[in-house]
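Contents: one structure, followed by commentary.
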Amino acid sequence: MTESEKAEGRCGWCGTTDALYVDYHDTEWGVPEYDARALWEKLVLDGMQAGLAWITILRKRDGIRAAFDGFDPDKIAAYTDADVERLLGDTRIIRSRAKIVATIESARLFIQMRDSGEDFTAWIWSFVGGTPIQNQWGDYREAPTQTEQSQALSKALKKRGFKFVGPVIVYAFMQAVGMVNDHQTTCFRHKETGGV
Numbered sequence: 073m074t075e076s077e078k079a080e081g082r083c084g085w086c087g088t089t090d091a092l093y094v095d096y097h098d099t100e101w102g103v104p105e106y107d108a109r110a111l112w113e114k115l116v117l118d119g120m121q122a123g124l125a126w127i128t129i130l131r132k133r134d135g136i137r138a139a140f141d142g143f144d145p146d147k148i149a150a151y152t153d154a155d156v157e158r159l160l161g162d163t164r165i166i167r168s169r170a171k172i173v174a175t176i177e178s179a180r181l182f183i184q185m186r187d188s189g190e191d192f193t194a195w196i197w198s199f200v201g202g203t204p205i206q207n208q209w210g211d212y213r214e215a216p217t218q219t220e221q222s223q224a225l226s227k228a229l230k231k232r233g234f235k236f237v238g239p240v241i242v243y244a245f246m247q248a249v250g251m252v253n254d255h256q257t258t259c260f261r262h263k264e265t266g267g268v
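Its first residue numbered 73, the sequence shown is counted upward by one per residue in the numbering used here.
As structure tokens, this is what we get:
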């Protein structure tokens with residue numbers, strides 16, 4: 073498939089001019105993710121996006137990863153008030169006290185689940201029965217902003233103490249980690265990520 077054929081069929085939301093956005097669409101978005109730490113990182117990043125455009129997070133992602141010790145939950149869980157202040161001064165990240173504190177708390181919750189023998193991956197994926205939901209949207213705008221599954225996962229995350237996990241944010245997370253395949257059917261990635 074030529075680049076022009078890809079561009080013609082690619083999901084309309086990613087556009088064609090920002091190489092970072094196009095690469096994210098073509099290589100990451102909608103690919104089923106089963107690594108617990110990677111799922112947790114993506115959940116945190118989607119929470120950081122609240123009120124912002126996803127491209128803002130993509131542009132800052134490397135800086136956010138560096139500032140947060142490569143998203144090592146054990147290191148983040150040990151952060152102190154001094155680390156919060158350090159992060160508030162770091163221009164590479166989204167400098168929101170609430171989002172920084174939520175990330176630290178999220179790391180502690182992730183570790184709590186892990187140390188109690190709960191598999192974060194299995195738990196997250198249980199909300200779609202362990203298998204990606206294959207949608208058939210002719211246009212990306214047909215996809216919902218939330219579903220029964222994202223509402224249930226959002227409610228369960230909130231009950232555990234996670235923040236910035238409303239049902240719309242959670243649905244964006246589910247799309248990104250391939251729990252649902254919302255590539256439009258005309259997109260070359262629809263079939264590549266499991267669509268028929």
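Cβ coordinates follow ideal geometry from the N, Cα and C atoms, glycine included.
Checklist entry - Starting from L124 and walking both ways along the alpha helix (DSSP H), at which residues does that stretch end? => result Premise fails: L124 is in no alpha helix (DSSP H) and is neither H nor E.
Item to check | DSSP three-state assignment for Q247, whether helix, strand or coil | outcome: helix
Checklist entry - Would you call the segment 196-213 and the segment 146-157 in contact, with 3 or more CB pairs under 8 Å? => result no
Checklist entry - Roughly how many angstroms lie between the CA atoms of R232 and Q223, to the nearest whole one? => result 14 Å
Next on the checklist: Using 9 Å as the threshold, is the C-beta distance between G119 and F236 below it?
Outcome noted: yes
Checklist entry - Among the residues of its own chain, which have a CB less than 7 Å from the CB of S226, if the five just before and after it don't count? => result V237, G238, P239, V242
Next on the checklist: In whole angstroms, give me the CA-to-CA distance for F260 and E113.
Outcome noted: 27 Å
Item to check | Cβ neighbours of L92 in the same chain (closer than 6 Å, five flanking residues each side left out) | outcome: Apart from the 5 residues on each side of it in sequence, L92 sits with its Cβ closer than 6 Å to the Cβ of L130 in its chain, given in chain order.
Checklist entry - Mapping DSSP to helix, strand and coil, what is I172? => result helix
Checklist entry - Can V173 and P204 be called in contact, C-beta distance under 9 Å? => result no
Item to check | Buried or exposed (CB count within 10 angstroms, at least 16 for buried), R82 | outcome: buried
Next on the checklist: Using only CA atoms, which one of K230, R213, F192 lies nearest to V258?
Outcome noted: A quick correction: the sequence has Thr, not Val, at residue 258. Comparing Cα positions, the closest option is R213.
Item to check | Which residues DSSP lists as bridging I280, in chain order | outcome: As shown, the chain starts at 73 and ends at 268. That puts residue 280 outside it, with no answer to give.
Checklist entry - Secondary structure at F140, three-state DSSP: helix, strand or coil? => result coil
Checklist entry - Using the beta-carbon count (16 or more within 10 Å), is S188 buried or exposed? => result exposed
Item to check | Proximity below 9 Å, CB of V116 to CB of T163 | outcome: no
Checklist entry - Smallest Cα separation from Y106: which of D191, L159, E220? => result D191
Checklist entry - What's the C-alpha gap between D141 and D155? => result 11 Å
Checklist entry - If you run the structure through DSSP and keep just helix, strand and coil, what is K147? => result helix
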